[in-house]
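As given, the protein sequences belong to chains Y and X, one line each in that order.
So the first sequence is residues -8 to 388, counted in the numbering used here.
So the second sequence is residues -8 to 388, counted in the numbering used here.
Before any comments, here is the structure.
Number of protein chains: 2
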Amino acid sequence: MNTPQTAPPEDQSRWPDRRLIDLLSIAVPIIQAPMAGANDAAMAAAVSEAGGLGSLPCAMLTPDRARSEYRLIRRRTQKPVNMNFFCHTPPAIDPEHERRWRSLLAPYYSEFGIDPDKDLPQVNRAPFDDAMCEVVEDCRPQIISFHFGLPAPRLLGRVKAAGCKVLASATTVEEARHLAEHGCDAIIAQGQEAGGHRGVFLGSMVEAQPGVMALVPQVVDAVEVPVIAAGGIADGRGIAAAFALGASGVQIGSAYLLASESIIGDLHRAAIEVSRDDQTALTNLFSGRPARGLINRIMQEIGPISPDAPPFPTAAGAIAPLRTAAETTGSSDFTPLWSGQALPLSRRYASSTSEKASERTIRGESRNPPISAATLTRALAEDALSRLGRLANEVLE
Amino acid sequence: MNTPQTAPPEDQSRWPDRRLIDLLSIAVPIIQAPMAGANDAAMAAAVSEAGGLGSLPCAMLTPDRARSEYRLIRRRTQKPVNMNFFCHTPPAIDPEHERRWRSLLAPYYSEFGIDPDKDLPQVNRAPFDDAMCEVVEDCRPQIISFHFGLPAPRLLGRVKAAGCKVLASATTVEEARHLAEHGCDAIIAQGQEAGGHRGVFLGSMVEAQPGVMALVPQVVDAVEVPVIAAGGIADGRGIAAAFALGASGVQIGSAYLLASESIIGDLHRAAIEVSRDDQTALTNLFSGRPARGLINRIMQEIGPISPDAPPFPTAAGAIAPLRTAAETTGSSDFTPLWSGQALPLSRRYASSTSEKASERTIRGESRNPPISAATLTRALAEDALSRLGRLANEVLE
């Protein structure tokens, strides 16, 4: 019904709201969501070069690696690009909490024959700090986005002094107001549909956080800066709807998971290819913070949210050996399969011959080459403009 | 930003999708959500007469009362109207489950000095049955809507033979397919943002059910019949967004809670007037089935979802005396305050002088006369058309 269509190039300028396009100096108001573990420099560069805003997730990178990934992007494009960082406060070590978590996971350790006393791998999710700020000052990407709030004012000031536009995620109106008051140039309104980590930083109940349809217009009414809709958007219809709600752009994650530049593993890709609308949930089991992913065995057995999971990011430590062991046997039972609720919509873009191919893919018979992130960005933009144009023709005729 | 505007009457026909309008013979593709305990014949008649589809919630009425309410509507309008029924299977009595529930509530019974052994009031939520089917055959409303699935094929056949168009709620794509395959004329895609009871009937995990932004396009792709978007929609922007997603109409509840015909109590009204976007949650405490309402004391203290709440509708029994006692003291601590996530948006329509008045209302200083359901219906439609028109002008110019 909404297969990619070719719109004339001049249509690219006919967005109903140009505030984000103008603010970020991009051609297409689509931000590729930063997805740690799912995208690197190649996808970010491809999306930016196609006119959208590519994002490099830096939370799991060392400063040196962030710098080198950024340089890879710069070899491919000079267009605006986004570096994304986490702003959590690392938790104090709580041996008792850690003990409860290990005890909850102990039966799985036995099942896989893993020594429960073995040393755990270092959990590599660092908050934005002086070292990363130096990377930013060195690289001077056009845009920086933050998740889990904002860094200390001193660091934020340095980022702005480096000339970067600053975006950050809000899961509630209160968070949006906070971000706008602290100098964000645009707000990502992250509806509960979104895949991956909730950006929550002001401590509201996760189950009370609104969906994107309710959140976006309330945020638009509450702040002066442009609003970017995120969550539940994976095709041209969702993008058109976001503009109807008052957003100036969208941030899209799941749809890019099947692009050729995606670095997700085969197990994640296979799970996506058969997923349905009602198969994701928010879970804190993989990191300690609520994040949306496809429901798998550990989420079903422990329950997706457990008070025994220690605070972000430490929960990831004791899960890691189970994930490694299970993946070796071809199982994603302990793998975080981050994805949003609109994931199945993204399959329409996943290969060029669309429906017939995706049916075959579902039956596992063959796979067409995946769509490139650049082609996907253009297809999403064209579909959105075509959708807006069709609405317009019908209303105005 | 989106205050009610007057559009010329001929604009009423310029909806981007006329499938629902034509199917139901209505002028405006807005269904007033049936809200047991919040609306009766007066609101349904007003909305229908204004060109939308008014709904009479019958689940808490006796057949005689349903018939007399329907006649009240018919004295006010001959236009299409909807009678709404529940289709749950009444649970077997489980004394042990009931005992656990009473035991959980025992401290509150003590607090209010209520005898824990007193007989509980009858819980009056009956599923659609032969007696109600006779009412339908007698009244022949143009439209019937069902919640919690569909009645037995024999009853559904009689409803269709009576000439009624049949609508029903789906919370997932699987439920939408089921409803379409069983003869529904249109599907209400109920996003998780919606206030009141989730229409779930095929047993998916409640926390896995999608928001309306993700659900609507997936349902549109899955069924041939028109799709009605419900949840998170309370102004013209949300209606325009629903059409962008492929819906042919919307069902709106919360926005009507502040209309003059609303029969909610003062405590519910007062809670609405100060509510925020992040203050609702799904709870099973008030009925045994998950439903969205403003978070109040019992939801905070027990947690909004409890395995100890017995199955729908029996949980309501033991809560009732607490609600009565608390309300006597002016407290809504035990009152179900059903509302959706877009509730705060509805305040823009709540009085004619809009912003200034609503600020005063929030401060509790004075109250303007509430908007009528007819005026609200027209304002929502005009705002939606105006929003669609603005998008169109910008895209096409």
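Even glycine gets a Cβ: it sits at the ideal position worked out from N, Cα and C.
Kindly indicate if chain X contains any beta-carbon less than 9 Å away from that of residue i.
{"i": "proline 7(Y)", "result": "yes"}
{"i": "glutamine 133(Y)", "result": "no"}
{"i": "valine 389(Y)", "result": "A query on residue 389(Y) cannot be resolved here, the shown segment of chain Y reaching from -8 to 388 and no further."}
{"i": "leucine 371(Y)", "result": "no"}
{"i": "glutamate 184(Y)", "result": "yes"}
{"i": "glutamate 165(Y)", "result": "yes"}
{"i": "glutamate 198(Y)", "result": "yes"}
{"i": "isoleucine 179(Y)", "result": "no"}
{"i": "alanine 333(Y)", "result": "yes"}
{"i": "arginine 56(Y)", "result": "no"}
{"i": "threonine 162(Y)", "result": "yes"}
{"i": "isoleucine 219(Y)", "result": "no"}
{"i": "glycine 380(Y)", "result": "yes"}
{"i": "glycine 148(Y)", "result": "no"}
Is there at least one Cβ from chain Y nearer than 9 Å to residue i's Cβ?
{"i": "methionine 74(X)", "result": "no"}
{"i": "phenylalanine 234(X)", "result": "yes"}
{"i": "glutamine 270(X)", "result": "yes"}
{"i": "valine 386(X)", "result": "yes"}
{"i": "glutamine 242(X)", "result": "no"}
{"i": "glutamate 102(X)", "result": "no"}
{"i": "alanine 383(X)", "result": "yes"}
{"i": "alanine 225(X)", "result": "yes"}
{"i": "proline 20(X)", "result": "no"}
{"i": "alanine 231(X)", "result": "yes"}
{"i": "glutamine 113(X)", "result": "no"}
{"i": "leucine 170(X)", "result": "no"}
{"i": "glycine 222(X)", "result": "yes"}
{"i": "proline 295(X)", "result": "yes"}
Quick test of your reading: residue i and residue j, contact by CB under 8 Å. State the CB separation rounded to the nearest angstrom.
{"i": "arginine 280(X)", "j": "histidine 188(X)", "result": "6 Å"}
{"i": "isoleucine 135(Y)", "j": "valine 127(Y)", "result": "6 Å"}
{"i": "methionine 204(X)", "j": "alanine 235(Y)", "result": "Incorrect: roughly 11 Å between the Cβ atoms, too far for contact."}
{"i": "leucine 285(X)", "j": "serine 330(X)", "result": "6 Å"}
{"i": "alanine 238(Y)", "j": "valine 191(Y)", "result": "Contact flag wrong, Cβ pair sits at about 20 Å."}
{"i": "alanine 365(X)", "j": "alanine 159(X)", "result": "Actually they are not in contact, since the Cβ atoms of alanine 365(X) and alanine 159(X) sit about 26 Å apart, beyond 8 Å."}
{"i": "alanine 225(X)", "j": "alanine 307(X)", "result": "Between alanine 307(X) and alanine 225(X) the Cβ distance is about 27 Å, and since that is not below 8 Å, they are no contact."}
{"i": "phenylalanine 325(Y)", "j": "isoleucine 289(Y)", "result": "5 Å"}
Taking Cβ to Cβ, would you say residue i is nearer than 9 Å to residue j?
{"i": "proline 327(Y)", "j": "phenylalanine 277(Y)", "result": "yes"}
{"i": "alanine 213(X)", "j": "glutamine 242(X)", "result": "no"}
{"i": "histidine 138(Y)", "j": "proline 302(Y)", "result": "no"}
{"i": "arginine 90(X)", "j": "tyrosine 100(X)", "result": "no"}
{"i": "isoleucine 310(Y)", "j": "tyrosine 340(Y)", "result": "no"}
{"i": "arginine 228(Y)", "j": "alanine 375(Y)", "result": "yes"}
{"i": "isoleucine 219(X)", "j": "arginine 378(X)", "result": "no"}
{"i": "methionine 74(Y)", "j": "proline 132(Y)", "result": "yes"}
{"i": "glycine 240(X)", "j": "aspartate 8(X)", "result": "yes"}
{"i": "proline 142(Y)", "j": "cysteine 78(Y)", "result": "yes"}
{"i": "leucine 44(X)", "j": "glutamine 23(X)", "result": "yes"}
{"i": "cysteine 155(Y)", "j": "tyrosine 61(Y)", "result": "no"}
{"i": "alanine 316(X)", "j": "isoleucine 105(X)", "result": "yes"}
{"i": "proline 295(X)", "j": "glutamate 198(Y)", "result": "yes"}
{"i": "glutamate 184(X)", "j": "glycine 186(Y)", "result": "no"}
{"i": "phenylalanine 76(Y)", "j": "phenylalanine 119(Y)", "result": "yes"}
Can you tell me where the alpha helix (DSSP H) holding residue i begins and where it ends?
{"i": "alanine 185(Y)", "result": "Looking at the DSSP string, alanine 185(Y) is not in any alpha helix (DSSP H), and its letter there is neither H nor E."}
{"i": "proline 312(Y)", "result": "306 to 319"}
{"i": "proline 208(Y)", "result": "203 to 213"}
{"i": "glycine 45(X)", "result": "Per DSSP, glycine 45(X) belongs to no alpha helix (DSSP H); it is in the beta strand (DSSP E), 45 to 48."}
{"i": "alanine 37(Y)", "result": "32 to 40"}
{"i": "valine 72(Y)", "result": "Looking at the DSSP string, valine 72(Y) is not in any alpha helix (DSSP H); the run it does join, the beta strand (DSSP E), is 72 to 77."}
{"i": "valine 265(X)", "result": "Here valine 265(X) belongs to no alpha helix (DSSP H), and DSSP marks it neither H nor E."}
{"i": "leucine 15(X)", "result": "10 to 15"}
{"i": "glutamine 291(X)", "result": "288 to 293"}
{"i": "leucine 236(X)", "result": "227 to 236"}
Between which two residues does the beta strand (DSSP E) harbouring residue i extend?
{"i": "glycine 284(X)", "result": "282 to 285"}
{"i": "proline 23(X)", "result": "Checking the sequence shown, residue 23(X) turns out to be glutamine, not proline. First-last of the beta strand (DSSP E) with glutamine 23(X): 21 to 23."}
{"i": "serine 136(X)", "result": "134 to 138"}
{"i": "glycine 240(Y)", "result": "240 to 243"}
Quick one: is residue i near chain C, going by C-beta distance under 9 Å?
{"i": "leucine 273(Y)", "result": "Considering every chain present, this structure includes no chain C. Its protein chains are Y and X."}
Give a yes or no on contact between the region 253 to 272 of chain X and the region 155 to 165 of chain Y, applying the rule of three or more CB pairs nearer than 8 Å. yes
Does the region 28 to 36 of chain X come within contact of the region 238 to 254 of chain X, defined as at least 3 CB pairs closer than 8 Å? yes
At least 3 beta-carbon pairs within less than 8 Å: the region 139 to 154 of chain Y vs the region 174 to 191 of chain Y: yes
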